[in-house]
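**Student:** Be aware that the sequence shown starts at 1, since it is given in the UniProt record's numbering, and climbs by one per residue. C-beta: ideal position from N, C-alpha, C; glycine also. Questions regarding the structure given below will be posed in turn.
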Amino acid sequence: MANRTVDLVVVGGGIHGCSAALHAAMRGLEVVVLEKDTVARHASGVNAGGVRRLGREFPEVPISQRSMEIWHRIGDLLDDDCGFQRAPQIKVAETEADLDRLKARAAHLRAMGFDHEVVLDRDELRGHLPAVSDHCVGGLASLDDGFALPYQTTFAFQRKARSLGVRFEENCRARTVERVGADFRVTTDRGVFTSRKLLNCGGAWAGEIARQLGEAVSVEPTAPMMLVTSRMPRFCNAVVGNQTRPLSFKQMQNGTVVIGGGRRGRALPDTNVSELIFSELRQTAETAMAIFPIMRGATIVRSWAGIEGRMPDGIPVISPSSTEEGAYHAFGFSSHGFQLGPGVGEIMGELVATGRTNAPIAPFSITRFTPEAGASGSSPTHSQGISA
1 MANRTVDLVV VGGGIHGCSA ALHAAMRGLE VVVLEKDTVA RHASGVNAGG VRRLGREFPE
61 VPISQRSMEI WHRIGDLLDD DCGFQRAPQI KVAETEADLD RLKARAAHLR AMGFDHEVVL
121 DRDELRGHLP AVSDHCVGGL ASLDDGFALP YQTTFAFQRK ARSLGVRFEE NCRARTVERV
181 GADFRVTTDR GVFTSRKLLN CGGAWAGEIA RQLGEAVSVE PTAPMMLVTS RMPRFCNAVV
241 GNQTRPLSFK QMQNGTVVIG GGRRGRALPD TNVSELIFSE LRQTAETAMA IFPIMRGATI
301 VRSWAGIEGR MPDGIPVISP SSTEEGAYHA FGFSSHGFQL GPGVGEIMGE LVATGRTNAP
361 IAPFSITRFT PEAGASGSSP THSQGISA
């Protein structure tokens, strides 16, 4: 059974799909979101919750800055604080060579016109992280970043969007997408939806939607792993990373410690299953103990992984379709999309409603993966020597 034609169908109910739906509705569009499972079921609900500008790939920095402005007033936008807490984000250097690379990055950002990342010497590092290991020599910090609760945040975007009339169709997989005249026809498990505009926010499953639009791209399904400890005495008030070893580390208000950083389990997107690889989780735990010796006495109580989509170059697609006017993409956030959600949603809402944006999204074009782009050697300029 066919539904009436709406202004916009969004495929994918993660933070980017929900945020874009909200911003489109704020511009007066009638929106339907199709989610094959439930909102926040995958990466948007089970990530580390880092709200960070620190360590961003250079093309992402302007969007991350805009997104952070929204985070600092997230309660005004969503009528929900999303569990957001301001906290320093600090990337620790274990060697002088690591610190030199962080200094070079900060200098590059200053040349770009951004001064939010500041170098910390040994004493300054310990001022922020009294429990850090003696061998750590300094770090790089973005002092006005923070963290939030992923499920709460994504649901808050959904609730606010619903209050503006956005319809969410959960357990409703988009099977096929096609152009029919001036509209898009999306065939799902529960009938056909038609819309004037289409936005692909399908995460690890977005590649199939892109392929049906004639834009074949490789989206690798990944399963970033997380673990959490039992409650510990308060020793850390920052979100901590590492220059050379994968790490995302923070202590919650209740004393538990949540640790991630990008070590990957096994992603099985066809069955919605992610499997832990305990040898990799052990390395995550070893890194945490190396940076914070107090962690040697910690007890791990739970671990998990969610399914995320990673692009070959490690940065997302944020782009109009190159083949179908009125179609747009926002996917492949490569395990660092949570903080970008408010800003990217604002950009996509503007793009869908007006057909244009002043946001610097050219480096995220889907056309960078075409054979012609590869032959010309064109690619975004990435940050060097630092993990995103």
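(1) Excluding the five sequence neighbours on either side, which residues of its own chain have a C-beta within less than 8 Å of the C-beta of residue 35, listed in chain order?
(2) Please return the same chain residues whose Cβ sits closer than 6 Å to the Cβ of residue 180, not counting the five positions on each side in sequence.
(3) So, for residue 38: in the same chain, excluding its five sequence neighbours on each side, which residues have a beta-carbon less than 8 Å away from its beta-carbon?
(4) Report the option in 342, 367, 352 whose CA atom is closest to the CA atom of residue 75.
(5) By how many angstroms is the C-alpha of residue 110 removed from the C-alpha of residue 65?
(6) Could you round the C-beta distance between residue 187 and residue 176 to whole angstroms and report it? I think they count as a contact, below 8 Å.
(7) For residue 384, count neighbouring Cβ atoms within 10 angstroms of its own Cβ and tell me buried if that reaches 16, exposed if not.
(8) In whole angstroms, what is the alpha-carbon distance linking residue 92 and residue 241?
(9) Would the beta-carbon of residue 207 fall within 9 Å of that of residue 309?
(10) Could you name each continuous beta strand (DSSP E) segment of 3 residues or more that falls completely within the stretch 51-110, going from the start of the chain to the end?
(11) May I ask which residues mark the beginning and end of the alpha helix (DSSP H) holding residue 343?
(12) Kindly identify the DSSP beta-bridge partner or partners of residue 304.
(13) Taking only three categories from DSSP, how would you classify residue 197?
(14) Where do the ends of the alpha helix (DSSP H) carrying residue 212 lie?
(15) Please return the same chain residues whose Cβ sits closer than 8 Å to the Cβ of residue 351, not counting the five positions on each side in sequence.
(16) On the three-state DSSP scale, how would you describe residue 9?
(17) Give the secondary structure of residue 253 by DSSP, where H, G and I count as helix, E and B as strand, and everything else as coil.
(18) What are the uninterrupted segments assigned as beta strand (DSSP E) that are 3 or more residues long and contained completely in the stretch 236-288, given in chain order?
(19) Excluding sequence positions up to five away, which residues of its chain have a Cβ less than 6 Å from the Cβ of residue 289?
(20) Quick check: the stretch 257-270 against the stretch 149-163, are at least 3 beta-carbon pairs closer than 8 Å?
(21) For residue 302, count neighbouring C-beta atoms within 10 Å of its own C-beta (all shown protein chains included) and say buried if the count is 16 or more, exposed if not.
(22) So what's residue 120 in DSSP terms, helix, strand or just coil?
(23) Taking the CB atoms as reference points, tell me whether residue 149 and residue 138 lie closer together than 9 Å.
(24) May I ask which residues mark the beginning and end of the beta strand (DSSP E) holding residue 23?
(25) Looking at the structure shown, is residue 298 part of a helix, part of a strand, or coil, going by DSSP?
(26) Take residue 359 as the anchor and find which of 182, 347, 369 has the nearest alpha-carbon.
(27) Starting from the Cα of residue 192, find the closest Cα among 324, 124, 33 and give me that residue.
(28) What does residue 34 pair with, by DSSP beta-bridge criteria?
(29) For residue 96, which option in 113, 135, 142, 87 has the closest C-alpha, if you only look at C-alpha atoms?
(30) Should residue 322 and residue 259 be called a contact, given that it needs their Cβ atoms to be closer than 9 Å?
(31) May I have the straight-line CA-CA distance separating residue 20 from residue 349, to the nearest angstrom?
(32) Would you call the CB atoms of residue 298 and residue 252 closer than 9 Å?
(33) In angstroms, rounded to a whole number, what distance separates the CA positions of residue 209 and residue 325?
**Tutor:** Result, derived from the coordinates:
(1) 12, 13, 17, 41, 168, 169, 170, 171, 172
(2) none
(3) 13, 170, 171
(4) 342
(5) 14 Å
(6) 5 Å
(7) The pLDDT assigned to residue 384 is 31, lower than 50, so where the model puts this residue is not dependable, and the model offers no usable value.
(8) 6 Å
(9) yes
(10) 89-93
(11) 341-354
(12) 226
(13) strand
(14) 206-212
(15) 320, 328, 357
(16) strand
(17) coil
(18) 239-242, 248-251, 257-260, 266-268, 273-275
(19) 295, 296
(20) no
(21) exposed
(22) strand
(23) no
(24) Segment 15-26 is the alpha helix (DSSP H) holding residue 23; no beta strand (DSSP E) there.
(25) coil
(26) 347
(27) 33
(28) 11, 169
(29) 135
(30) no
(31) 5 Å
(32) no
(33) 15 Å
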